[in-house]
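Contents: one structure, followed by commentary.
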Amino acid sequence: MSYFLGIDQGSHSSRAVLFDGNGGIVEQASQKIMIDRPATGQAEYGAGLLFNSVETVVKQVLDALDRQDNAQVSACGIATQRSTVLAWDVSGRALGPALSWQDVRAERMMAELQQHEREIRRLTGLPLTPYYSSSKMNWLLNQSERVKQCPREALRLSPLISYLLFHLLDNKPYVIDYSNAQRTQLFDLDALTWSERLCNWFDVDISLLPECRPIRAAYGKLYGTDIPVTAVCGDQNAAMYGTGQLEQGMALVNIGSGAFVLRELDHFSESKTQLTGVAYADNETVGYMREATINGAGNALSWAEKQWGVENLIESLPDWMRTVKEPPVFINSVGGLGTPWMQGKLASAFVGNGTYTNAEKAVAIIESIVFMIQVNLELMAVEAPLKKLRVSGGLSKMDGLCQKLSDLSGYVVERSNVAEASARGAAWLAAGRPHSWNSNRPDEPSSRQFVPQQANGLASRYRLFNTELNRMLKANQQVRTVK
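Each number in my numbering comes from the position in the sequence shown (counting from 1) with 3 added on.
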């Protein structure tokens, strides 16, 4: 029997999942990883820790498979967190920690490049922000002593995926897929390769970067096996495909540590407020997607637990959402504001001076996530009408969140029953995008739909959220201008 392996290296864990020919889970393993925050604005991982976690979960799954008769893995797909970068040498030795996509230590560089912002967005599909890889690469080249001491001919500078592929594959390639390359902000979406102009602006030596390849391509074999890796992509690309084919007029809202609103595009088009990305590419075709990012989803709830000294906050939320009818409004900039604002300097705050219970504040955070999703849905609907939403990810398991999203947006919200969407999407791409991988499987609970209901209080709080957020952004901009 043929199986397909999906590997998902994310911000909080590494996962390996084995799927059968219909996309059902056969075996799976996961390992949590810890992020270090040595200073404000800094977030990093031990590079060896990331690779070891992937190696461990892959071994666990393959060892379990070996106990089955006539089992064979036909292909493997790999999805990784995007915009996490590191410097390493030709032997594969990391020259320091991997800097997370959450790391903004090189934020000062943004002011220097502001004059090129419009052209950067046109070339890359991305706004100018320190969350992407390019400024972090510049920082590594100019601030890391170990990097500066490494001979240039032996130096490699890349997103995490290239480091993992070097260590995971038997041919030890130095390569990157289009979707991860794009998130460096050094990749030309039109030419589908590195841009000399962008590299010059960010002062990153183009010769240090890996070779760019399509998402679906022959990358090599997993070390010590005959399993070909035939698809590599960013985690959100995989998540979009992992829940099944999206219908016309449907967007996917993937809500985990962050939240992402994803929609396939019929053809390439620019956006002044949201992101344009490579959804799929092989040697003959390229497909694009529109993307919106919300940084403070699960991350905001983790922040609240630490700030308020509350344990098991997430477990308490379903009951709190049923009982709290009029929560306060929360301006959620945990991790920085994502699209369309792209603002990292705004402080999170509750609107008003009231005294609120932990239950009220926690529900306010949930509503703030819904509000930011709704802002982005409205922008997407201007481009082309939306008819329905599909939700996935850990926080989508909360009925109260899904119902609030349906009530505010006015769309039917379909909750995906697919577990391990990113790993499944990577495996689906590796398998050649088979039509047999339906989103609803007979051995899993059916997906649930949430139908819009009247919610005047929620709509009123959404209007207040927008009014107050715009006021705070304007005040913050005036302060920055004065300075």
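Note that the Cβ used here is the ideal one computed from N, Cα and C, for glycine as well. Given the structure is predicted, the values throughout are model-derived calculations rather than measurements.
The beta carbon of Ala-234 lies closer than 7 Å to those of Gly-80, Ile-218, Arg-219, Ala-429, Leu-432, Ala-433 in the same chain, with the five residues before and after it left out. Between Cys-405 and Thr-83, the alpha-carbon positions lie close to 26 Å from each other.
Setting aside the 5 residues that flank it on each side, Phe-271 is surrounded in the same chain by Tyr-291, each with a C-beta closer than 6 Å to its C-beta; the list follows chain order. In the displayed model, Arg-325 falls within a helix according to three-state DSSP. Cα atoms of Glu-314 and Asp-238: separation of roughly 29 Å, rounded to the nearest angstrom. Listed as beta-bridge partners of Leu-398 by DSSP are no residues whatsoever.
Excluding the 5 residues flanking it on each side, Trp-323 has same chain C-beta neighbours closer than 7 Å at Ala-362, Ala-365, Val-366, in chain order. Ile-10 places its beta carbon less than 8 Å from that of Val-57. For Phe-263 against Thr-296, the beta-carbon gap comes to about 6 Å, under 8 Å, which counts as contact. For Asp-238, the enclosing alpha helix (DSSP H) starts and ends at 238 to 245.
Under the three-state reduction of DSSP, Asn-356 is assigned to coil, being neither helix nor strand. Within the same chain, no residue comes within 6 Å of Lys-62 by CB-CB distance, once the 5 residues on both sides are set aside. In the structure shown, Gln-63 falls within a helical segment according to DSSP collapsed to helix, strand and coil.
Around Val-281, the same chain offers Tyr-181, Ser-182, Gln-185 as residues with beta carbons nearer than 6 Å, after the five sequence neighbours per side are excluded. Just measuring C-alpha positions, the residue of Lys-348, Ser-138, Gln-12 sitting nearest Ala-109 is Ser-138.
Taking the C-beta atoms as reference points, Asp-92 is found no nearer than 8 Å to Asn-141. About 21 Å separates the Cβ atoms of Ser-198 and Leu-89, ruling out a contact at the 8 Å cut-off.
Restricting attention to Leu-472, Gln-457, Leu-249, the CA atom closest to the CA of Ser-336 is found in Leu-472.
Looking from the CA of Arg-70, the closest CA among Glu-30, Gly-347, Ala-254, Thr-470 belongs to Glu-30.
If you look at Gly-428, you'll find it in the alpha helix (DSSP H) that goes 424 to 433. Uninterrupted beta strand (DSSP E) stretches at least 3 residues long and entirely within the region 275 to 343 occur at 278 to 284, 289 to 297, given in chain order.
Per the coordinates, the alpha-carbon of Asp-191 lies some 16 Å from the alpha-carbon of Ser-161. With a cutoff of 8 Å on beta-carbon distance, Tyr-177 and Ala-101 are scored as not near each other. Asn-145 is the residue among Tyr-166, Asn-145, Cys-236 whose C-alpha sits nearest the C-alpha of Asp-208. Judged by DSSP in its simplified three-state form, Tyr-414 adopts coil rather than helix or strand.
Per DSSP, Met-140 is one residue of the alpha helix (DSSP H) stretching across 136 to 146.
Contact check between the region 409 to 421 and the region 373 to 380: three or more CB pairs, one atom from each, fall below 8 Å, which counts as touching.
Annotated three-state conformation of Met-383 is helix, per DSSP.
Taken through DSSP and simplified to helix, strand or coil, Met-475 comes out as helix. Per the DSSP secondary-structure output, Gly-80 pairs in a beta bridge with Gly-9, Ala-234.
Collapsing the DSSP output to three states places Trp-197 in a strand.
According to the DSSP secondary-structure assignment, Gly-223 is paired through a beta bridge with Val-232.
Residue burial is scored here from C-beta neighbours: Ala-387 has fewer than 16 other C-beta atoms within 10 angstroms and is therefore classed as exposed.
According to DSSP, Ile-28 shares a beta bridge with Phe-22.
Counting along the chain, Arg-124 sits inside the alpha helix (DSSP H) bounded by residues 120 to 127. Under DSSP, the beta-bridge partners assigned to Met-253 are Lys-391.
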